[in-house]
Amino acid sequence: MNTNRSACQGEGDVRSTPLQRRDFIKATGLAVGALWAGRLPVMAGPFSQDDLAGHLVPVDKKFSRQWLDALTCRGEAEVFSGEQLRYIGMPVGGIGCGQLYLGGDGRLWHWDIFKSNYHREKHEMRMDAMTMGGHYTKPVSMGEVYSDQNGAKVQQGFAIRAKSDDRVLERSLDQIGFPEVTFRGEYPVGRVSYEDSAFPAKVQLEAFSPFIPLNAKDSALPATVMRFTVTNRTERNCQIELAGWLQNAVCPYLADTSLGRRVNRLGASASRSSILSTIDGGDAIAAEHGYGSSALTVLQGEGVRIRSAVTLKRPETIFSELEIGTEESAAKPLDQALVGGLGAYFELEPGASKVVTFLVSWYFPRHQKYDRSPDLFTGRHYGPWFHSAGEVADYVVEKAESLIDGTLLWNKTWYDSTLPHWLLDRSMISLGCVATQTFHWFDNDRPWAWEGVDCCEGSCTHVFHYAQGLSRIFPELERKGREIVDYGIAFNEESAGVGYRGDARGLVADDGQAGTILRVYREHQMSADGAFLKRIWPKVKRSIAYLMAKDPDADGILTEPQAHTLDATWTGKIAWISSMYLAALAAGEAMARELGDEGFAESCRGILDRGYKSIVDELFDGEYFIHKPDESAPAHLNTNRGCHIDQLLGQSWIHQVGLGRVVPKKETVSALESLWKYNFAPDAGAYAIRHREIEQAFRWYAMEGEAGLLMTTWPKGGAKEAIPGDKLRPAKNPELWTGPGGYFNECMNGFEYQVAGHMVSEGEADGSLVEKGLAIMKAVHDRYGAAKRNPYNEIECSDHYIRSMASYGVFLAACGFAYHGPEGRIGFAPKVHPEDFRAPFTAAEGWGTFSQRISAGSMRASLRIRWGSLSLNTISLKPIGFRPRQVEVTYRGQALAAGVSWGEDRTVVRLGERLKLETGMSVTVKLS
188 MNTNRSACQG EGDVRSTPLQ RRDFIKATGL AVGALWAGRL PVMAGPFSQD
238 DLAGHLVPVD KKFSRQWLDA LTCRGEAEVF SGEQLRYIGM PVGGIGCGQL
288 YLGGDGRLWH WDIFKSNYHR EKHEMRMDAM TMGGHYTKPV SMGEVYSDQN
338 GAKVQQGFAI RAKSDDRVLE RSLDQIGFPE VTFRGEYPVG RVSYEDSAFP
388 AKVQLEAFSP FIPLNAKDSA LPATVMRFTV TNRTERNCQI ELAGWLQNAV
438 CPYLADTSLG RRVNRLGASA SRSSILSTID GGDAIAAEHG YGSSALTVLQ
488 GEGVRIRSAV TLKRPETIFS ELEIGTEESA AKPLDQALVG GLGAYFELEP
538 GASKVVTFLV SWYFPRHQKY DRSPDLFTGR HYGPWFHSAG EVADYVVEKA
588 ESLIDGTLLW NKTWYDSTLP HWLLDRSMIS LGCVATQTFH WFDNDRPWAW
638 EGVDCCEGSC THVFHYAQGL SRIFPELERK GREIVDYGIA FNEESAGVGY
688 RGDARGLVAD DGQAGTILRV YREHQMSADG AFLKRIWPKV KRSIAYLMAK
738 DPDADGILTE PQAHTLDATW TGKIAWISSM YLAALAAGEA MARELGDEGF
788 AESCRGILDR GYKSIVDELF DGEYFIHKPD ESAPAHLNTN RGCHIDQLLG
838 QSWIHQVGLG RVVPKKETVS ALESLWKYNF APDAGAYAIR HREIEQAFRW
888 YAMEGEAGLL MTTWPKGGAK EAIPGDKLRP AKNPELWTGP GGYFNECMNG
938 FEYQVAGHMV SEGEADGSLV EKGLAIMKAV HDRYGAAKRN PYNEIECSDH
988 YIRSMASYGV FLAACGFAYH GPEGRIGFAP KVHPEDFRAP FTAAEGWGTF
1038 SQRISAGSMR ASLRIRWGSL SLNTISLKPI GFRPRQVEVT YRGQALAAGV
1088 SWGEDRTVVR LGERLKLETG MSVTVKLS
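Residue numbering for the sequence shown is 188 to 1115, as defined by my numbering.
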């Protein structure tokens, strides 16, 4: 193990000693030029025609040393400014509460909180439409129209006035008032800094909706916290006023003055001052989009100026208007804007700071003007919790300490890590999709999701099973998904198939069926006890038998036609779907044994053992795993001899739940190396343009000059056989979608993440396979650079795509994390600098920080609980360079009895009795 870390030193790096990077691929030459006008570091190249001869993907990726070193170095946090702020839109609403963005200069935009759509926009299959992934090539700037059916324009903002001596300065808190404003996104918290040498105060904004892992309810509030810290930069006392305004946008799509009027009313208590926005009218208005209320609140009752209506000729005039005096209520007809404003005033001594917290809250509990089906869109989850935006504000004010402090504590815990900033950023960013119009939580407690915003309904099993983040951060919601949906309304009692779009009458996707079984086991692991699994096991068992029936030879290889996530049904023997079948059998065996169903466990094990051999004998070509179409069936889409991104999806999944192997290690590593060799393209966009043998149009998820892992390539021929017919795609990619075959030429984040996580899981710590996995993830991260598009909107078929939550699986793999709540097992085997490692973790009932240090002949590891609790029987670790002979466990300053055993890959410390760690407690293990 190398301990020389010179390549990782740098400002912002938490490490105090140097580090040497292992070379896993020879870095030669310099790239043609910095990508995208120099805003990203040079990545790879240059490449000659010889490099691309025969396959279009270079074997030698020719990475620059700078880019390689950045993969595992802690590095500096990304801070955006100037033109980089243009596209930034970080979701800052609660789970399932619509979609509201924080812009790069601190303004709120894309107010899509008033309604939800039942269908995608009308686009006639145009490739640039939002629900075809069009916002990748044509990203939306702050203030632009998002789509024809999403969002509304709302006037909102903040301004600051500073008086020092005889000088009075007023600025809007945005890029106009502070041109050098900067943005740092740490989802769920966005930080905006306003500073100017000519202005006496600096302002730091922290914006977020309460987000506390394992507490879904308090993370699903229709509210956005705007927490300002104002600091006096001068040597004199400074009088400050911080003011905000918000338009009454209730029923924002109405302008008919005969229907009623919008009304603002003031409310105050000792701890808050609010403007409550409502609408007055008859029953007709009550049925309209966006009927409900909103509120702007400051979390203090004194030192406040407030008016129910301000004119805002320009932002800074709010101060003079607030000085006029309080206006208790105001009303305007529906064709006129009604804007209310309030401000907090205070004095700061030299160098002093003060925190002022504002809150934007809303209450629009209906998705649409009508409810199409009692089983589908009913109302939003928060409908029964409150009756108005004022009540939402009261709830947040009452629980401000736990909601605000809890969110900031999680943010601090997440970034208290030795892992690279970019990896921590990208692992968490994808969780933001649950705070957009992609994800919904109904008032009947059912979670429901599009695949991406307004696109492809029904919590699709063959997409959602890739997502690893939600289950680890809010496992309650995933358990609801399994129990209420998959094994509830989507479960076909006759066939035991799980309808892949949340409907028992619908098609069963075989990969989704297997993925759902695996998710049940994962959700069980993220539970405190076995009650959840016991409740649904009879149906889960039947769903496993459903897949067994598609394997009549019981050899572990599915042979019946198989529907799957590439929007098609393929025939023959498909490595990736059979690997998912084997993984589902492994999960079935584990669950059956826990519940004492030994007979079924043995049935799973028998097929699994045969499949472990069959998948290699039948589908491994010596380098990677392939698809053998049924030659007796009509020609259909297939990957035949191609190198397909998901060929080992089942083994990838197995690592997420710690069940060992369903595909042999040797062949697995060979296949992963082949994906790197044949599918990772430093210029994936150029590949897609040049590879015309795939005749159908592809969607742009990697532009020319951007790197990515391609869905399928054919280094040994067969591309023309993949799509029935014998045509070439036009040199120019068609502007209309022509069919799912075009997916083969694409790069899609969620698929790339699962391969990246798999490589990290299979690789040795700091080894070449780990580095290749991180390179795949970093390529995605670079594609979403702020200079090019919104870093917080990962796109596949539409915005904020669910599958991208697979990114969290890379984080788990980097930690070597293993957990089983009911059995009290937790474990870590870090893959990135294990000699000095620290990272957050979540468990069934609590979360905290794990750390370890390894030196010659000894290892010290610690678990500290920051929130909730953790119940433990065993802790598994991976010493490097020595075999432990002694173990010491310390808890609350006392030694605990413990034993040690050695597994194939880890050392297991068994505690003498089950331990319950509460908030603030820690346990330390020393191996020597």
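Where is the CB? At the ideal position from N, CA and C, for every residue including glycine.
Nearest neighbour of residue i, chosen from the options [CA to CA]
i: A518; options: G512, I511, E510 and G527; result: G527
i: G960; options: C438, W863 and N419; result: W863
i: I910; options: R886, E880 and M898; result: E880
i: Y865; options: S445, M329, G477 and D238; result: D238
i: G479; options: P927, K556 and W1054; result: K556
i: K404; options: G377, G293, R252 and K586; result: K586
i: A873; options: S481, K919 and G364; result: K919
i: E393; options: T411, S445, F386 and D383; result: T411
i: Q712; options: D740, A777 and I761; result: A777
i: G1146; options: V376, R1097, L1102 and V844; result: Because the chain spans 188 through 1115 in this model, residue 1146 falls outside it and cannot be assessed.
i: P816; options: V685, D808 and N827; result: N827
i: R420; options: A524, A762 and K350; result: K350
i: L772; options: Q749, Y799, E747 and T752; result: Y799
i: K302; options: Y653, C830, V1087 and Q624; result: Q624
i: H823; options: E908, T498 and S575; result: E908
i: A1001; options: L611, S461 and K726; result: L611
i: L806; options: W1089, S765 and H574; result: S765
i: P233; options: L956, H242 and S251; result: S251
i: P520; options: T444, T703 and P375; result: T444
i: S333; options: V640, K853 and L606; result: What sits at residue 333 in the sequence shown is Tyr, not Ser. When only C-alpha atoms are compared, the closest one is V640.
i: E503; options: D361, D969 and G454; result: D361
i: Y550; options: G538, G566 and A539; result: G566
i: R378; options: A1048, L295, Y440 and C438; result: L295
Nearest-angstrom Cβ-Cβ length linking residue i and residue j, presumed shorter than 8 Å
i: A894; j: P869; result: 5 Å
i: L618; j: M992; result: 6 Å
i: E665; j: V650; result: Contact flag wrong, Cβ pair sits at about 14 Å.
i: T259; j: R659; result: Rounded, the Cβ-Cβ distance is 22 Å, inconsistent with contact.
i: A701; j: D690; result: Not a contact, Cβ separation roughly 19 Å.
i: A430; j: L509; result: 6 Å
i: Q1203; j: S1115; result: Because residue 1203 is not part of the residues shown, which for the chain are 188 to 1115, the question remains open.
i: I832; j: V942; result: 6 Å
i: V695; j: L657; result: Actually they do not touch by this definition, with Cβ atoms about 23 Å apart.
Assigned exposure category for residue i - 16 Cβ within 10 Å defines buried
i: D558; result: Because the pLDDT of D558 is 49, which lies under 50, any placement of that residue in the model is unreliable, and the question is left without a value.
i: E1105; result: exposed
i: N631; result: exposed
i: I363; result: exposed
i: K248; result: buried
i: M319; result: buried
i: T465; result: buried
i: G1099; result: exposed
i: A966; result: buried
i: L923; result: exposed
i: M329; result: buried
i: G197; result: At G197, the pLDDT of 38 sits below 50, so the modelled position is not reliable; the number obtained from the coordinates is stated separately. Result: exposed.
i: H574; result: exposed
How about the region 997-1012 and the region 303-320: do they share at least three Cβ pairs that are nearer than 8 Å? no
Contact between the region 575-589 and the region 528-548 (3+ Cβ pairs under 8 Å): yes
Output the residue ranges of the alpha helix (DSSP H) runs that lie fully inside the region 576-656 and measure 4 residues or longer, sorted by chain position. The qualifying runs are 576-585, 587-602, 608-616 and 648-651.
Continuous beta strand (DSSP E) assignments of at least 3 residues falling wholly in the region 227-278: 276-278
Taking contact to mean at least 3 C-beta pairs separated by less than 8 Å, is the region 588-602 in contact with the region 976-986? They do not touch, by the three-pair rule.
Tell me the start and end of each unbroken alpha helix (DSSP H) in the region 450-522 that is at least 4 residues and wholly inside, in chain order. 470-473 and 505-510
Is there contact here, the region 1021-1037 with the region 1047-1061, by at least three beta-carbon pairs under 8 Å? yes
Check whether the region 914-931 touches the region 756-773, counting contact only when three or more Cβ pairs, one atom from each stretch, lie closer than 8 Å. no
Whole runs of the beta strand (DSSP E) within the region 1079-1110, excluding any shorter than 3 residues: 1081-1083, 1085-1089 and 1094-1105
Does the region 728-738 come close enough to the region 1012-1023 that 3 or more CB-CB pairs lie under 8 Å? no
Contact between the region 670-688 and the region 803-820 is defined here as three or more beta-carbon pairs at a separation below 8 Å; is this criterion met? no
Can you confirm whether the region 1055-1071 touches the region 1086-1097 when touching is taken to mean that 3 or more C-beta pairs between the two stretches lie within less than 8 Å? yes
State whether the region 355-370 contacts the region 261-278, with contact taken as three or more CB pairs (one from each stretch) at a distance under 8 Å. yes
What are the uninterrupted segments assigned as alpha helix (DSSP H) that are 4 or more residues long and contained completely in the region 688-725, given in chain order? DSSP assignment within the region 688-725 yields the following whole alpha helix (DSSP H) runs of 4 residues or more, N-terminal first: 697-712.
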